[in-house]
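S.K.:
In the UniProt record's numbering, the protein residues as written are 1 to 421.
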């Protein structure tokens, strides 16, 4: 099927059901659970904050256990996972188009249109409901990186990945190492800075006032933080996604089991160990200066760097599970796996649905429930929200229908003549 667009003839539409691999969809479905859990901290707008300005420091021993787990397993670990999967999916779209005979320039133009619409969707989402939106952020990154790297070969990708690693170590770790060598590590950071959760405005009783704050934050995250991420080497997960998609690592995990095993073990171990000092400091087991724990402190920098390894480790672990699952034949739990993968197929719709279920219930301008929950009860609420989206995605899967946001974005990308192919 040839689809005429203003750019040129596309030889096909979007991905067809039979072309989907389990691992990417399953990873996205699990990722959305991790995202909704990691976003719980800023909804606890009445809680007492520690030097990090993010996770609360009050609550029961169970709340502290949840906070500890969040810091080690989720915080600054899920967005690298998202970046890798975003880059992987973007390259998949490009390769499917070119394999069908579409000119590479025309395929790249379709993805640029997708990036621009993601920026619009992200800023709308940030203004209306959730200023921590990542759709617009990755829309900008995908626009820039798509222009620079979609049509480049593996050699160029490899070089720029290693350049990104060097930049990440230099920009993020360099100041910390310098402070350590000068014996000033304890003063590195700013514990007196504004708590990060305030930029999300969950504590504002006026929706209009909150929307103004969210818009400012959304504009900063989208148009300032995203380009700065590129300067600091934060693009490496995106390019690793490009590189892995060219090698079909998630579609054909059997061919890459050795790489996936090493990545899972080393990545998760490095990620968790890198976050352990911050978790111990947060719970009072490890005593360090407040500046060191702050959002610009040394412990946060360590978590940031090792979070990239954890994100890759999580993807590899899911790919190994998907390979094991698909090679063992039918068994119990098939419905659950299908349901989680259904969320991954409709990740944009489910991500937006999280905010629709979270913000009006938890924010001060809504029902204000966030003031009455602790870390544990908030985590349970987040899991319940994710399960609602699982049920909705599975119902759509059974009915053979796409998510509403995916349907709209597909039409915007390919035009009204894209059909189902």
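Every residue, glycine too, gets a C-beta built ideally from N, C-alpha and C.
#1: Which complete alpha helix (DSSP H) runs does the segment 267-351 hold, if anything under 4 residues is left out?
#2: Check for me: the alpha helix (DSSP H) holding residue 107 runs from which residue to which?
#3: Sort 373, 263, 387 by Cα distance to residue 354 and report the nearest one.
#4: Flag this pair as touching only if the segment 139-148 and the segment 119-128 have three or more C-beta atom pairs under 8 Å; answer yes or no.
#5: Across the segment 53-66 and the segment 208-227, are there enough close Cβ pairs to call them in contact, namely three or more that are closer than 8 Å?
#6: Do the segment 287-294 and the segment 325-341 touch if we need at least three Cβ pairs shorter than 8 Å?
#7: At the level of alpha carbons, what is the spacing between residue 34 and residue 74?
#8: When we look at the beta-carbon of residue 313 and count the other beta-carbons within 10 Å, is it buried (16 or more) or exposed?
#9: Which partner residues of residue 56 appear in the DSSP bridge assignment?
#10: Helix or strand or just coil, what does DSSP make of residue 131?
#11: Hey, out of 277, 116, 260, 128, whose CA is closest to residue 202's CA?
#12: Helix, strand or coil, according to DSSP, for residue 75 in the structure here?
#13: Using the C-alpha atoms, what's the distance from residue 328 back to residue 220?
#14: Determine the direct distance from the alpha carbon of residue 341 to that of residue 420, and round the result to whole angstroms.
#15: Within a Cβ cutoff of 6 Å, which residues of the same chain sit near residue 371, ignoring the five residues on either side of it in sequence?
#16: Please go through the same chain and pick out, in chain order, the residues whose beta-carbon is closer than 7 Å to the beta-carbon of residue 378, but skip the five residues on each side of it.
#17: Could you check the C-alpha separation between residue 383 and residue 168 for me, to the nearest Å?
#18: Please state the DSSP three-state secondary structure of residue 370.
#19: Skipping 5 residues on each side, what residues in its chain have a beta carbon closer than 6 Å to that of residue 171?
#20: For residue 158, count the other beta carbons within 10 Å of its own beta carbon; 16 or more makes it buried, fewer makes it exposed. Which is it?
#21: Rounded to whole angstroms, what's the CA-CA distance from residue 25 to residue 244? Just pull it up for me.
#22: Less than 9 Å between the beta carbons of residue 131 and residue 217, yes or no?
#23: Helix, strand or coil for residue 235? Go by DSSP, reduced to three states.
#24: State the CB to CB distance for the pair residue 322 and residue 268, rounded to an integer number of angstroms; the pair is presumed to be in contact (CB under 8 Å).
#25: Counting pairs of Cβ atoms below 8 Å between the segment 301-310 and the segment 356-368, do you hit three or more?
#26: Under 8 Å, with one C-beta from each stretch per pair, do the segment 144-164 and the segment 103-112 reach the 3-pair mark?
#27: Less than 9 Å between the beta carbons of residue 412 and residue 113, yes or no?
#28: Mapping the DSSP letters down to three states, classify residue 251 as helix, strand or coil.
M.R.: On the basis of the supplied data:
#1: 290-293, 298-327, 334-345
#2: 104-128
#3: 387
#4: yes
#5: no
#6: no
#7: 7 Å
#8: buried
#9: 49
#10: coil
#11: 128
#12: coil
#13: 47 Å
#14: Note on residue 420: pLDDT 43, under 50, position unreliable in the model; the coordinate value appears next. The straight-line gap from Cα to Cα measures roughly 20 Å.
#15: 46
#16: 40, 43, 44
#17: 33 Å
#18: helix
#19: 232
#20: exposed
#21: 15 Å
#22: yes
#23: coil
#24: With a Cβ gap of about 17 Å, residue 322 and residue 268 do not count as contacting.
#25: no
#26: yes
#27: yes
#28: coil
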